[in-house]
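Going by full-length UniProt numbering, 163 is the number at position 163 of the sequence shown; the sequence numbering is gapless.
Note that the Cβ used here is the ideal one computed from N, Cα and C, for glycine as well.
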Amino acid sequence: MDTFADFDTMTDRLLDEIIQHIQLYNLSISRISSFIGHSLGNIIIRSVLTRPRFRYYLSKLHTFLSLSGPHLGTLYNSSALVSTGLWLMQKLKKSGSLLQLAFRDHADLRKCFLYQLSQKTGLQYFKNVVLVASPQDRYVPFHSARIEMCKTALRDRHTGPVYAEMIHNLLSPLVAAKGCTLVRHNVFHALPNTANALIGRAAHIAVLDSEVFLEKFFLVAGLNYFK
């Protein structure tokens, strides 16, 4: 999948793949389904949940495991180096998704893709919503992966209130849903002293690349959410 495309395009592609997979293998739609997403994939999954073609499957959902998901975008990133790098990447690749993550896709913040996505239903249909975040990850802000406020947003009188609204939009349906449980896991990786570790990339991809992390996470906690 072209991760430099905009989220609407990537949503259409993932939804097509899901429907085609179900039809190709004649899968029973009575089966409960779970999603595991990493990074941008979490936003695409949430966007799929809002599509009319997926509406039938909402009642079949079980667990959403979000690994380093930028649910609140990349605002208030603590790494100026990473922020500059993402800005350059967006300019060079003409990336729609990076533009949307930075809330630069519309002059009115409340008309940006991520804000409007936060207003749509989706996560509350899961029995378990599991947010995995690492403070060592500089690509996706810790508070964005955990869907919570940060000190910088509290001090920001312009964007801060919009940020708070997004958090409320995302979390209030989960709190109100009787059958839905929200869980947050903070992860600390044993990383070597490399450039990737310094800029936060190593921690961002460790949730996929590290067999030790995956084995320990699922043995200690992860498997419980898929029973």
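In the three-state reduction of the DSSP assignment, residue 36 falls in the strand class. When 103, 62, 98 are compared, the shortest CA-CA separation from residue 10 is found for 98. Approximately 5 Å separates the beta-carbon atoms of residue 73 and residue 114; this is inside 8 Å, confirming the contact. Put simply, the backbone Cα of residue 173 is about 31 Å away from that of residue 79.
Residue 28 sits away from residue 61, with the two beta carbons spaced by 8 Å or more. Using a 10 angstroms sphere on the CB of residue 212, the tally of other CB atoms stays under 16, which defines it as exposed. Relative to the Cα of residue 110, the nearest Cα in the group 161, 227, 181 belongs to 161. Under the 10 Å beta carbon count, residue 45 is surrounded by 16 or more other beta carbons and is classified as buried.
With distances taken between CA atoms, residue 143 lies nearest to 186 out of 207, 22, 186, 124. The residue from 35, 163, 224 with its alpha-carbon nearest to that of residue 102 is 163.
In this structure, 155 is the residue among 59, 155, 66 with its C-alpha nearest to the C-alpha of residue 76.
Counting the other Cβ atoms within 10 Å of the Cβ of residue 168 gives fewer than 16, which makes it exposed.
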